[in-house]
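Converting from the sequence shown to the working numbering requires adding 65 to each position, the first position being numbered 1.
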Amino acid sequence: MTAVPTTAMVLAAGLGTRMRPLTDDRSKALIEVGGKALIDHNLDRLAHAGVQRAVVNVHAFADRLIDHLKAWRGDLEIVVSDERDHTLPLETGGGIKAAADLLGDSPIVVVNIDSVWIEDGEPPAHAIRDLCDGFDPDRATCRLMLARAGRTSGLDGPGDFLMDDQGCLTGRRAAGAATAPFNYMGVHIVDPRPIYAYPETEFGLFPAGGGLWGGWAAEGRLHGFVMEGDWMHVGDPGARDAAEARLAASA
């Protein structure tokens with residue numbers, strides 16, 4: 066269907082308040098899990114998938130993160146989108162919109178830096194490539210990478226999405242369901258043009274009111290792909306410790 070995009074957006078501007086005290090002197094992107102900074106886990110995944118260029122937004126402890134990116138030696142061109150002119154980070158949608166001139170109008174991969182995962186298989190499948198390969202822009206505006214709720218750690222909750230046999234997603238709240246079988250993993254492929262056209266400056270993609278994702282889901286244009294493996298959401302110190310233990314057990 067769709068080749069892996071040449072460009073990715075790496076959302077690294079968050080304040081990391083739930084990760085304190087580990088983020089008292091650094092951004093969440095630089096918290097180490099399994100001996101590697103969170104952002105490096107994701108940059109490595111993108112490079113291995115065939116992405117050529119990563120746009121990274123920065124805000125908290127930006128200078129330290131920029132120095133880290135300059136020293137990174139992976140096979141990616143890295144471009145910084147600096148959000149320090151804003152009092153607070155621009156959220157997921159606003160960060161992408163602010164980087165429009167750097168990202169272009171073609172589909173992009175978007176990753177949050179607080180995701181670490183272990184894929185099944187020998188050798189493991191490549192989830193980012195599979196996510197992109199199944200993206201059909203004639204049918205979908207966005208395709209999310211999902212984890213089965215039973216194979217998720219670091220995220221206590223009733224689940225995010227239900228999915229039909231055509232791959233179309235419905236948010237748990239919109240469906241009126243008490244639970245949902247899939248969690249969003251913080252990785253997706255998207256046509257960014259509707260995000261650029263959104264009238265707000267600071268906005269999330271899937272807030273409680275629905276947002277852009279809610280509208281796309283209602284139109285049948287929000288699709289999903291299930292990664293077969295274990296997903297670790299690294300959102301607080303306890304979740305970081307759990308992820309470290311899981312990675313060590315799989316080594």
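Note that CB positions come from ideal geometry on N, CA and C, so glycine has one too.
Per the coordinates, the alpha-carbon of PRO154 lies some 19 Å from the alpha-carbon of LEU87. Under DSSP, ASP295 forms a beta bridge with ILE183. Linking VAL299 to VAL75 through their CA atoms gives a straight-line distance of about 16 Å. Between the beta-carbon of GLU309 and that of GLY99 there is about 6 Å, and that keeps the pair under the 8 Å contact cut.
A buried status is given to GLU156, since no fewer than 16 other beta-carbon atoms sit within 10 Å of its beta-carbon. Per DSSP, ASP195 is one residue of the alpha helix (DSSP H) stretching across 192 to 198.
The C-beta of SER146 has 16 or more other C-beta atoms within 10 Å across all chains shown, which makes the residue buried. Residues ALA205 and THR206 of the same chain have their beta carbon placed closer than 6 Å to that of ARG286, with the five preceding and five following residues left out of the count.
Counting only the Cα atoms, VAL123 lies some 28 Å from PHE200. In this structure, MET297 lies away from HIS253, with their beta-carbon atoms at least 8 Å apart. For secondary structure counted as the beta strand (DSSP E) over 3 or more consecutive residues, the region 106 to 143 holds these complete runs in sequence order: 118 to 123. Cβ contact annotation for ALA243 (same chain, cutoff 7 Å, sequence separation greater than five): PRO223, in chain order.
If you look at ALA73, you'll find it in the beta strand (DSSP E) that goes 72 to 76. Every beta strand (DSSP E) of 3 residues or more that sits fully in the region 224 to 297 is shown, in chain order, as 226 to 228, 234 to 236, 247 to 255 and 287 to 292. Distance check between GLY269 and each of ASN177, ASP109, ASP203 and ASP105 places ASN177 closest, using alpha-carbon atoms only. Proximity to GLY139 across GLU148, SER218, ASP105 and ASP230 peaks at ASP105, based on C-alpha coordinates.
Assigned with DSSP and collapsed to three states, THR206 falls in coil, not helix or strand. Secondary structure at LEU211: strand, using DSSP grouped into helix, strand and coil.
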